[in-house]
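Residue numbers (this note's numbering), protein chains in the order written: chain A, 1 to 224; chain B, 225 to 448.
The beta-carbon is built from N, C-alpha and C at its ideal position, and this holds for glycine as well.
Some notes on the structure that comes next.
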DNA sequence: TATATAGCTTAGAGAATGCTTAAGAATGCT
DNA sequence: AGCATTCTTAAGCATTCTCTAAGCTATATA
């Protein structure tokens, strides 16, 4: 699967590139509109991720419009700064298939990418489980056995990330870069605090404990 | 595979060079930024290892940026002193593919190098075995037969090193230079102590003993 | 057998890492 | 605006890990 990123902020572009490569996509990056337009219209990609505001004659919207005019129907995920879109539909009218408001968490973007690329159903996974714990990514419901559990946004995002990497430990920096905004600068201690919150809600009241610490490395979730 | 190291500290540069050569990479070293920049942009390398803080007009970051501007996409592994990075992502903004915080253990660097060069999967070896002992480098799990074994960070690193050199004995100094930070100054006795720890956990409780001492030389692991 | 050398064992001091708590900021809701 | 919830930090505490030092044991050599 080949993905083209058109984004002038190097920081964001590189972060996206790395995350997507880790999911085994082949990723190209273009840092300005003219160059990006040329690539999008000449090379065959499976998905384009385009920033709305980019330098060059073409801005993000113009690229999408031009692509559609040339009957190139590659899915487009548009990135927009907060407040740029007056109403939700404007972004999609141009021909983009989805859009994401900056700043976003990497995992949020990966979820959209998975959806747009229509990965096989088994991979899509709307309900993640570990032992008697279930997390529904569509309804935002979390259960341990029969018991419904209320999580806050961050707690939910963290748990989802751990579940998607079940068995594999993640270190705190990796967790931060995936679960928090790409420009959030939170301390590793924040992750520790959230692990405490999660444990209080999904581990402590139950017999078996799913959340484990790998000292010196990080955390994982695993049903024994 | 050709690797370029740009690093002004001779001690580190030489240690890296030696370790990489032992893994059969062709290694060039440059001790300052200007020279390094020239080499990185004129010679074709498969990987660049660049120290952030180096003398010369170009520091490490500048070299990476300049390379990317000239559309040279050779993977870059950036070396940074602890605390140099304001926020974790800054290191990757420049276009570097990975970074490592000094001081690091040689084995850690070799692992990153292997990853960046995308060595064939069979070579990567995430699960190392010797007899009924298995060590999983991804999940950090160690088993002897069915029995899970808990190792500390150093114990794990030492066992991993011995397993990667299965059958071949390593002397204490070699072990120290690979498993400990390059500027750690530990006594050979420390290795002895850690061998004792490992034996208690993975040998003593079992029939066959995998860890062997070669008197006057060092240690090896081998399944008879 | 005596002696030297290498490796083994043990316990403890100090360092590193993670956990916990509480309080202040930020955000969202009424 | 005011209140409630959520997010993040900071500081102290607890635990675990690392490494050394000192004495001990095994092995090789004269």
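Proximal residues of chain A, C-beta to C-beta of residue i below 7 Å
i, result
"residue 362 of chain B", "168"
Interface residues of chain A facing residue i [CB-CB closer than 8 Å]
i, result
"residue 377 of chain B", "215, 216 and 217"
Collapsed DSSP secondary structure at residue i in the structure displayed
i, result
"residue 231 of chain A", "Coverage of chain A is limited to positions 1 through 224, which leaves residue 231 of chain A absent and any answer about it impossible."
"residue 231 of chain B", "coil"
"residue 112 of chain A", "helix"
"residue 107 of chain A", "helix"
"residue 128 of chain A", "strand"
"residue 303 of chain B", "strand"
"residue 229 of chain A", "Chain A is shown from 1 up to 224; residue 229 of chain A falls before or after that span and cannot be answered."
"residue 123 of chain A", "Because residue 123 of chain A sits at a pLDDT of 49, beneath the cut-off of 50, its placement in the model cannot be relied upon, and the following sentence gives the value as read from the coordinates. In the structure shown, residue 123 of chain A sits in a helix (DSSP, three-state: H, G or I)."
"residue 39 of chain A", "helix"
"residue 431 of chain B", "coil"
"residue 436 of chain B", "strand"
"residue 34 of chain A", "helix"
"residue 181 of chain A", "strand"
"residue 413 of chain B", "helix"
"residue 221 of chain A", "strand"
"residue 282 of chain B", "coil"
"residue 163 of chain A", "helix"
"residue 244 of chain B", "helix"
"residue 420 of chain B", "helix"
"residue 450 of chain B", "As displayed, chain B neither begins before 225 nor continues past 448, which places residue 450 of chain B out of reach and without an answer."
"residue 86 of chain A", "Summary for residue 86 of chain A: the model assigns pLDDT 48, below 50, so the residue's position carries little reliability; its value from the coordinates is reported in the next sentence. In the structure shown, residue 86 of chain A sits in coil (DSSP, three-state: anything other than H, G, I, E or B)."
"residue 71 of chain A", "coil"
"residue 26 of chain A", "strand"
"residue 237 of chain B", "helix"
"residue 1 of chain A", "coil"
"residue 271 of chain B", "strand"
Residue of the options minimising C-alpha distance to residue i
i, options, result
"residue 217 of chain A", "A/224, A/168 and A/116", "A/168"
"residue 297 of chain B", "B/263, B/277 and B/271", "B/271"
"residue 71 of chain A", "A/41, A/81 and A/201", "A/41"
"residue 249 of chain B", "B/240, B/256 and B/257", "B/240"
"residue 208 of chain A", "A/153, A/114, A/128 and A/133", "A/133"
"residue 253 of chain B", "B/267, B/231 and B/400", "B/231"
"residue 370 of chain B", "B/278, B/430 and B/436", "B/430"
"residue 215 of chain A", "B/400, B/256 and B/364", "B/364"
"residue 14 of chain A", "A/31, A/65 and A/1", "A/31"
"residue 322 of chain B", "A/22, A/220, A/198 and A/201", "A/22"
"residue 199 of chain A", "A/176, A/63 and A/144", "A/144"
"residue 288 of chain B", "B/279, B/261 and B/428", "B/261"
"residue 109 of chain A", "A/19, A/62 and A/219", "A/19"
"residue 378 of chain B", "B/403, B/324 and B/269", "B/403"
"residue 224 of chain A", "B/269, B/372, B/281 and B/280", "B/372"
"residue 234 of chain B", "B/352, B/279, B/267 and B/386", "B/279"
"residue 175 of chain A", "A/220, A/127 and A/78", "A/220"
"residue 285 of chain B", "B/320, B/293, B/259 and B/305", "B/320"
"residue 258 of chain B", "B/269, B/236 and B/282", "B/282"
Rounded distance between the beta-carbons of residue j and residue i, thought under 8 Å
i, j, result
"residue 111 of chain A", "residue 166 of chain A", "17 Å between Cβ atoms; not a contact."
"residue 27 of chain A", "residue 50 of chain A", "14 Å between Cβ atoms; not a contact."
"residue 228 of chain B", "residue 277 of chain B", "Incorrect: roughly 17 Å between the Cβ atoms, too far for contact."
"residue 412 of chain B", "residue 396 of chain B", "4 Å"
"residue 427 of chain B", "residue 434 of chain B", "6 Å"
"residue 136 of chain A", "residue 126 of chain A", "6 Å"
Any non-hydrogen atom of the ligand MG within 6 Å of residue i CB
i, result
"residue 397 of chain B", "Here there are no bound small molecules, and the ligand MG is not part of this structure."
Below 8 Å, how does it come out for the segment 323-330 of chain B and the segment 396-416 of chain B: are there three or more Cβ pairs, yes or no? yes
Whether or not the segment 188-206 of chain A and the segment 150-160 of chain A are in contact is what I'm after, with contact meaning three or more pairs of Cβ atoms, one per stretch, closer than 8 Å; do they touch? yes
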